[in-house]
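Q:
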Amino acid sequence: MKIGVLASQGAFIEHIITLNKLDIEAMPVRLPVELKGVDGLIIPGGESTTISRLMDSYKLAEEITALARDGMPVFGTCAGMILMASEISGNTTRSLGLMDITVKRNAFGRQVDSFETDLKIPVLGEKPFPAVFIRAPIIERYSNNVEVLARLDDNTAVAARQDKLLGMAFHPELTNDLRFHKYFLEIVTGKRN
Ligand code: GLN
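Mind the numbering: the sequence shown is residues 16 to 208 in this note's numbering, read in order.
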């Protein structure tokens with residue numbers, strides 16, 4: 016199995032290291048040709064406006080959208096999830112529109128722009144997941160075919176799945192907990208339907 020990691024900008028190296036820990040071949044993707052033969056794609060955190068611009072300049076946006084429509088699994092963390100959304104509220108950044116969700120960028124404001132919290136994520140089992148939020152978005156709206164995987168105590172949705180698309184507001188690649196990456200790999204192999 017080969018997983019592409021969009022490497023335009025942001026925390027892509029951490030995803031590559033996490034995949035390597037799981038013995039998975041990870042391929043940094045900067046050009047459309049590098050998407051050939053990947054079984055799934057990770058879009059990392061970073062600055063969504065910058066990643067969006069770079070994806071456009073390198074003609075990656077069209078290619079990723081086409082492959083995702085054809086069933087390529089995609090996993091977006093933080094800015095990655097913002098870019099997967101069909102709508103970014105109050106913002107003109109161009110997203111890929113892969114998941115039928117509306118996200119709000121920098122939703123926690125300046126006072127608490129970064130924090131870590133243990134989240135209950137039923138699909139990952141009993142043990143809470145250490146979720147690292149860095150100037151994170153939230154999921155404000157989702158359609159019926161979107162499954163919310165995790166919520167904060169106040170019920171805010173922060174992780175979701177739609178078919179083979181997985182998006183979350185936090186950064187599993189910055190922890191030693193490999194369960195979310197394993198979960199994505201199970202979506203890729205078809206073990207998790
Ligand atoms: N605040 C960033 C954005 O809106 C996302 C931050 C992150 O990816 N950690 O693009």
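From the three backbone atoms N, C-alpha and C, an ideal C-beta is built for every residue, glycine too.
Looking at the secondary structure, which residues open and close the beta strand (DSSP E) in which residue 95 lies?
A: Here residue 95 corresponds to residue number 80 of the sequence shown, with the count starting at 1. Run containing residue 95: none in the beta strand (DSSP E); it sits in the alpha helix (DSSP H), 94-99.
Q: Any chance the CB of residue 205 is under 7 angstroms from a heavy atom of the ligand GLN?
A: Position 190 of the sequence shown, counted from the first residue, corresponds to residue 205. Outside the cutoff, so no.
Q: Which term fits residue 199, buried or exposed, when burial requires 16 or more other beta carbons within 10 angstroms of its beta carbon?
A: Position 184 of the sequence shown holds residue 199. Classification of residue 199: buried, given that the 10 Å Cβ count is 16 or more.
Q: Quick check: what's the CA-CA separation for residue 165 versus residue 51?
A: To locate residue 165, count along the sequence shown from 1; it is residue 150. To locate residue 51, count along the sequence shown from 1; it is residue 36. The straight-line gap from Cα to Cα measures roughly 32 angstroms.
Q: Got a sec: does the ligand ATP put a non-hydrogen atom nearer than 7 angstroms to the Cβ of residue 131?
A: The ligand ATP is not part of this structure, which contains only the ligand GLN.
Q: Is the segment 130-138 close to the segment 91-105, with three or more CB pairs under 8 angstroms?
A: The answer is no - the segment 91-105 does not touch the segment 130-138, with fewer than three Cβ pairs under 8 angstroms.
Q: From the DSSP output, in three-state form, read off residue 12 for me.
A: In the structure as shown, the chain starts at 16 and stops at 208, and residue 12 therefore has no counterpart that could be examined.
Q: If you run the structure through DSSP and keep just helix, strand and coil, what is residue 133?
A: By one-based count along the sequence shown, residue 133 stands at place 118. Residue 133: strand per DSSP, three-state reduction.
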